[in-house]
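If you're matching positions, the sequence shown starts at 42 in the working numbering and goes up one per residue.
For every residue, glycine included, the Cβ atom is placed at its ideal position computed from N, Cα and C.
Report on the following structure.
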Amino acid sequence: MRVKRYVVDSMPDALQKIRTDLGKDAVILNTKEIRSGGFLGMFSKKKIEVIAATDSAAAAAAPSISKGSGQPVVPLSKPAAPIITEKITYTRPTPLKKNTEPDVNESLSFPEVPDVLVPEQRHETKPVHQPAVQQPVQMHTPHSRDDVLLQEIKQMKQYMQQLSVHGTQGVPMDPVLEQMQQRLLEQEIDPELVEQLMTRAAEEASADGSPITEREVRRSLERQLHELFVQGTNKRLDPETKVAHFVGPTGVGKTTTIAKLAAEQVLKYHRKVGFITSDTYRIAAVEQLKTYGTILNVPLEVVFSPQDLPRAFEQMKDRDIIFMDTAGRNFRNEMYVSELNALLQTEGKSETFLVLSLTTKYKDMKAIADNFTKFKLDKLLLTKMDETETYGSIINLAHEFQLQMSYVTHGQSVPEDITELDEQRIIDLVLGGVPYE
């Protein structure tokens with residue numbers, strides 16, 4: 042029996058190689074998706090691992106005993122040796138390092154399984170002078186050989202499935218690590234990042250040879266998660282900022298967030314604030330900002346294109362800080378992002394906040410952030426934290442984009458329900474054991 046392992050980009054590639062190497066009678070034992078290449082677990086490519094096998098001696102076994110030989114058949118002195126049916130054992134190779142790409146045509150070593158009976162050495166006897174009568178020869182039919190082969194393939198497939206379930210090490214994960222890994226996945230942290238975090242946590246928690254404890258695993262994960270966040274810069278509005286732009290998809294709460302920050306600047310810091318909005322697609326948005334402006338005694342200017350900006354800034358030249366609201370569009374479309382970028386070209390010190398809702402799927406958040414990071418983007422502001430119980434998207438964004446986290450909102454009250462994002466608080470919520478308040 043011949044077994045080969047292939048690592049390919051697609052199943053058609055695998056089938057072509059299997060037919061070439063093993064023939065049309067080859068059987069696929071197992072397939073699974075893996076990742077190979079990359080650097081330190083990152084930038085790896087998705088590939089498909091295929092295990093295939095063929096009966097290498099099947100063709101040789103085809104010519105059987107000739108029917109027309111006419112020669113007497115001497116009975117065997119002993120019964121034929123039984124076909125080997127014990128379970129095939131497989132010695133697992135040393136695990137590959139993450140940055141090592143496996144050989145796509147690596148052959149697994151299995152013992153050859155005999156397809157025909159091998160009679161023991163015959164004892165020479167004198168011929169008996171009797172009429173030549175053919176004695177029936179005990180042999181296994183092709184059907185019985187096929188049954189044995191199918192049984193071997195079934196056993197091998199079960200073994201491959203066990204390897205897939207238990208991971209690359211072939212053994213179950215430590216219960217403490219497994220529980221924490223499940224927690225991270227439930228929080229919707231990217232699976233590849235979870236693998237990196239848990240690998241390092243396992244190494245650190247067992248470095249001294251002692252049993253792995255939940256306390257040590259949690260400490261390691263806390264350190265790693267802290268490292269993902271940008272450190273050392275100002276989360277809040279910079280006191281030198283003259284224009285603060287707020288961009289993001291529709292429905293994330295940009296206008297309400299602007300009102301909260303403007304109220305803080307007016308009531309706490311006694312600064313002169315101005316509003317500019319380009320969100321002319323929704324009349325309600327302009328009216329909402331105008332209402333906040335009336336309450337806070339803040340002027341409002343509406344612009345319809347980048348050409349209107351000089352006029353609006355001239356009207357606001359006596360303001361200490363200007364908050365600029367923008368229209369929520371489908372920012373997965375690069376054309377809309379390019380149009381918006383023209384509105385962000387302002388003179389003087391400015392900051393641009395990307396506003397995203399924590400109730401949005403991370404796949405969509407990533408697509409939006411991908412488009413905006415091509416242009417000027419300074420800080421990330423997250424809304425609706427009180428409307429979710431999964432916080433893994435915050436970890437994913439910190440890991441993927443290395444943006445400075447700024448504020449997080451957790452309610453509709455103005456100006457109370459907005460605070461600086463506390464990394465330790467987010468980490469505690471992700472790792473569990475601390476309810477959100």
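Close-in-space but distant-in-sequence residues of the same chain around residue i (CB under 8 Å, 5 per side omitted)
i: Val-293; result: Gly-369, Val-396, Leu-397, Ser-398, Thr-401, Thr-424, Lys-425
i: Phe-442; result: Ala-410, Thr-414, Leu-421
i: Gln-202; result: Confidence at Gln-202 is low in this model, with a pLDDT of 49, below 50, so its placement is unreliable and the value that follows should be read with caution. Correct list, in chain order: Asn-71.
i: Val-235; result: Gln-222, Leu-225, Leu-226
i: Ala-439; result: Leu-269, Phe-270, Val-271, Met-446
Contacting residues, own chain, Cβ-Cβ under 7 Å from residue i (five flanking each side not counted)
i: Val-449; result: Leu-423, Met-426, Thr-460, Leu-462
i: Val-217; result: Ile-253, Thr-254, Glu-255, Val-258
i: Arg-241; result: Ser-261, Gln-265
i: Ile-435; result: Leu-423, Ile-467
i: Thr-274; result: Gln-445
i: Lys-331; result: Leu-341
i: Ile-194; result: Val-68, Leu-70, Ala-94
Rounded separation between residue i and residue j - CA only
i: Ile-253; j: Lys-45; result: 37 Å
i: Val-307; j: Gly-473; result: 38 Å
i: Gln-329; j: Phe-354; result: 21 Å
i: Ala-93; j: Arg-277; result: 58 Å
i: Gln-445; j: Tyr-47; result: 43 Å
i: Gly-480; j: Thr-95; result: This structure gives no information on residue 480, because the portion of the chain shown stretches from 42 to 478.
i: Leu-337; j: Arg-312; result: 11 Å
i: Lys-283; j: Asp-469; result: 35 Å
i: Ser-251; j: Tyr-310; result: 54 Å
i: Pro-340; j: Tyr-403; result: 36 Å
i: Glu-430; j: Val-471; result: 9 Å
i: Pro-290; j: Met-42; result: 59 Å
i: Leu-56; j: Asp-187; result: 22 Å
i: Asp-320; j: Gln-272; result: 33 Å
i: Gln-210; j: Thr-61; result: In this prediction, Gln-210 has a pLDDT of 45, which is less than 50 and means its spatial position is unreliable; what the coordinates show is noted afterwards. Whole-angstrom Cα-Cα distance: 31 Å.
i: Val-343; j: Arg-352; result: 10 Å
i: Gln-220; j: Glu-263; result: 16 Å
i: His-267; j: Glu-245; result: 16 Å
i: Phe-345; j: Glu-428; result: 33 Å
i: Gly-334; j: Ser-51; result: 58 Å
Buried versus exposed call for residue i [16 or more other C-beta atoms within 10 Å across all chains shown]
i: Ile-59; result: buried
i: Thr-393; result: buried
i: Thr-297; result: buried
i: Ala-243; result: buried
i: Gln-192; result: exposed
i: Ala-67; result: buried
i: Phe-270; result: buried
i: Ala-248; result: exposed
i: Asn-437; result: buried
i: Glu-457; result: exposed
i: Asn-412; result: buried
i: Pro-280; result: exposed
i: Pro-53; result: exposed
i: Gly-389; result: exposed
i: Lys-87; result: exposed
i: Arg-360; result: buried
i: Ser-447; result: buried
i: Thr-34; result: Only positions 42 to 478 of the chain appear in this structure, which leaves residue 34 out of reach.
i: Glu-464; result: buried
Inter-residue CB distance, residue i and residue j (contact presumed, cutoff 8 Å)
i: Val-288; j: Thr-367; result: 5 Å
i: Ile-69; j: Glu-90; result: Their Cβ separation, rounded to whole angstroms, is 11 Å, which puts Ile-69 and Glu-90 out of contact at 8 Å.
i: Leu-238; j: Pro-232; result: No, Leu-238 and Pro-232 are not in contact; Cβ-Cβ is about 11 Å, not under 8 Å.
i: Ile-409; j: Ala-285; result: Contact doesn't hold; Cβ gap of about 19 Å is too wide.
i: Leu-381; j: Leu-350; result: Not really, about 13 Å apart at Cβ, beyond 8 Å.
i: Val-49; j: Lys-301; result: The pair is not a contact, with the Cβ atoms about 53 Å apart (cut-off 8 Å).
Residues bridged to residue i (per DSSP)
i: His-286; result: Met-365, Thr-393
i: Phe-316; result: Leu-341, Phe-364
i: Lys-86; result: Ser-77
i: Asn-71; result: Ile-92
i: Pro-251; result: At residue 251 the sequence reads Ser, which differs from the Pro that was named. None, per the DSSP bridge assignment.
i: Arg-448; result: In the sequence on display, residue 448 carries Tyr and not Arg. Its beta-bridge partners are Glu-461.
Cutoff 6 Å; reference residue i; Cβ partners in own chain excluding five residues on either side
i: Phe-364; result: Ala-285, Ile-299, Ala-303, Phe-316
i: Leu-418; result: Thr-393, Leu-395
i: Gly-433; result: Gln-228, Glu-229, Ile-230
i: Met-357; result: Gly-315, Ile-363
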